[in-house]
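Colleague: Mind looking over this structure? Questions follow.
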Amino acid sequence: MIIDIVTIFPKMFKPVLGESIIRRAQDKGLVKINVHDLRDYSGLTHKKVDAPSFGGGPGMVIRPEAVFSAVESILGYQLYPAKRRDRKKSIVFFTPQGKILTQKRIKKSLRFERLVLLCGRYEGIDYRIRKYLVDEEVSIGDYVLSGGEPAAMVFVDAIVRIIPGVVSCSDSIKQESFESNFLDYPHYTKPRNFRELKVPEVLLSGDHRKIEQWRSKKALELTKARRPDLLKE
Ligand code: 6GU
157 MIIDIVTIFP KMFKPVLGES IIRRAQDKGL VKINVHDLRD YSGLTHKKVD APSFGGGPGM
217 VIRPEAVFSA VESILGYQLY PAKRRDRKKS IVFFTPQGKI LTQKRIKKSL RFERLVLLCG
277 RYEGIDYRIR KYLVDEEVSI GDYVLSGGEP AAMVFVDAIV RIIPGVVSCS DSIKQESFES
337 NFLDYPHYTK PRNFRELKVP EVLLSGDHRK IEQWRSKKAL ELTKARRPDL LKE
């Protein structure tokens with residue numbers, strides 16, 4: 157999979173892409189992630205990419221030329237008015253007005269060979285970008301961020317870790333929260349006794365059937381208490 161990120165803050169991504177699982181996935185050649193500075197496609201002096209909102213009002217709006225030109229240059233063909241579309245590619249825009257991101261949606265995105273992620277800023281972006289360039293709009297929750305960058309990072313993390321071969325123990329993916337509509341069960345490790353706080357006996361019993369039962373019970377209890385909405389699905 158190839159992921160292209162378009163942003164006016166490319167440096168924000170360097171530390172995130174350079175560590176942990178995202179780093180390893182790139183090193184293994186399982187994903188290629190390119191970060192593009194929108195300002196490089198401005199076409200104007202001082203690399204300006206925004207302008208005041210027509211009709212008045214506060215804040216600046218990202219102009220369409222730079223975004224269309226960035227995406228067309230990344231994909232290598234014209235998108236409008238040519239209307240050429242490739243079902244193996246998707247252009248995603250991050251905005252609090254988008255559909256809420258879920259594990260289901262992340263899994264669906266795995267079918268694309270290439271994803272172009274557009275990060276918004278300021279008061280917004282020209283609506284023609286959203287209407288004629290973007291394929292899907294994504295929000296990561298009901299709160300407001302100052303820009304789409306952290307949302308794009310969340311999206312990249314969630315998708316990269318489920319690319320086949322990235323996480324070696326596929327069990328650890330299957331068992332965790334949201335794969336089964338249950339939250340994960342509680343985990344314990346050494347020491348058995350920490351300041352008189354003891355690990356549940358059953359986990360030390362070696363009885364795998366009992367352990368499975370205990371974990372299922374705890375997962376259900378936790379889900380009922382914290383996320384009853386998941387049980388209704
Ligand atoms: Cl994708 N962008 C912004 N600016 N705020 C958000 C968001 C995205 N998702 C939740 N809040």
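Heads up: the sequence shown begins at 157 in the numbering used here, then just goes up one per residue.
C-beta: ideal position from N, C-alpha, C; glycine also.
So if DSSP puts F216 in a beta bridge, which residue, or which two residues, is it bridged to?
Modeller: Here residue 216 refers to the residue found at position 60 of the sequence shown. The amino acid occupying residue 216 in the given sequence is Met; Phe does not appear at that position. Partner(s): P208.
Colleague: For Q296, collect the residues of the same chain with a Cβ closer than 7 Å to its Cβ; drop the 5 residues on either side in sequence, then sort them by chain order.
Modeller: Here residue 296 refers to the residue found at position 140 of the sequence shown. At residue 296 the sequence reads Ile, which differs from the Gln that was named. Excluding sequence neighbours, I296 sits near L257, A307, V310.
Colleague: Please confirm if the region 368-388 is in contact with the region 332-350, defined as three or more CB-CB distances below 8 Å between the two stretches.
Modeller: Enough Cβ pairs lie closer than 8 Å, so yes.
Colleague: Using only CA atoms, which one of G212, L231, K204, P214 lies nearest to P220?
Modeller: For this step, residue 220 is matched to residue 64 along the sequence shown. If we check each option's Cα against that of P220, K204 comes out closest.
Colleague: Buried or exposed, going by whether 16 or more other CB atoms sit within 10 Å of the CB of Y197?
Modeller: Walking along the sequence shown from the start, residue 197 turns up at place 41. Y197 comes out buried.
Colleague: What's the call for R267, buried or exposed, on a 16-neighbour Cβ count within 10 Å?
Modeller: Along the sequence shown, one-based indexing puts residue 267 at 111. Exposed, since its Cβ has fewer than 16 Cβ neighbours within 10 Å.
Colleague: Could you spell out the range, first to last residue, of the alpha helix (DSSP H) harbouring K264?
Modeller: In the sequence shown, residue 264 corresponds to position 108, counting from 1. K264 -> alpha helix (DSSP H) spans 259-265.
Colleague: Tell me the residue span of the beta strand (DSSP E) that contains Q253.
Modeller: Residue numbering aside, residue 253 sits at position 97 when the sequence shown is read from its first letter. First-last of the beta strand (DSSP E) with Q253: 245-256.
Colleague: Along the chain, where does the beta strand (DSSP E) that runs through H192 open and close?
Modeller: Counted from its first residue, the sequence shown places residue 192 at position 36. Counting along the chain, the beta strand (DSSP E) containing H192 begins and ends at 188-193.
Colleague: Could you check the C-alpha separation between S229 and L273 for me, to the nearest Å?
Modeller: If you number the sequence shown from 1, residue 229 lands on position 73. If you number the sequence shown from 1, residue 273 lands on position 117. Whole-angstrom Cα-Cα distance: 14 Å.
Colleague: Helix, strand or coil for E228 per DSSP?
Modeller: In the sequence shown, residue 228 corresponds to position 72, counting from 1. Here E228 sits in helix by DSSP.
Colleague: Out of curiosity, what's the CA-to-CA distance linking P166 and I178?
Modeller: Counting from one through the sequence shown, the residue named residue 166 turns up at place 10. Counting from one through the sequence shown, the residue named residue 178 turns up at place 22. Each residue's alpha carbon lies about 16 Å from the other.
Colleague: Consider the C-beta atom of G212 and the heavy atoms of the ligand 6GU; say whether any pair is separated by less than 7 Å.
Modeller: As a first step, residue 212 is located in the sequence shown; it is residue number 56 there, counting from the start. No, the beta carbon of G212 sits no closer than 7 Å to any heavy atom of the ligand 6GU.
Colleague: Just verifying my parser: in three-state terms, what is the DSSP assignment at E357?
Modeller: Locating residue 357 in the sequence shown gives position 201, counting from the first residue. If DSSP states are grouped into helix, strand and coil, E357 belongs with the helices.
Colleague: Given a cut-off of 8 Å on the beta-carbon distance, is the pair L231 and F224 in contact?
Modeller: Mapped onto the sequence shown, residue 231 falls at position 75. Mapped onto the sequence shown, residue 224 falls at position 68. Contact flag unset, no.
Colleague: Just the Cα atoms here: how many angstroms apart are P171 and G321?
Modeller: One-based indexing of the sequence shown puts residue 171 at position 15. One-based indexing of the sequence shown puts residue 321 at position 165. Cα to Cα, the separation comes out at about 23 Å.
Colleague: Give a single yes or no on whether T345 has its beta carbon closer than 7 Å to a heavy atom of the ligand 6GU.
Modeller: In the sequence shown, residue 345 corresponds to position 189, counting from 1. No, the ligand 6GU has no heavy atom inside 7 Å of this Cβ.
Colleague: Where F250 and D183 are concerned, what is the direct C-alpha to C-alpha distance, given to the nearest angstrom?
Modeller: The residue given as residue 250 occupies position 94 in the sequence shown. The residue given as residue 183 occupies position 27 in the sequence shown. Spanning the two alpha carbons is a distance of roughly 27 Å.
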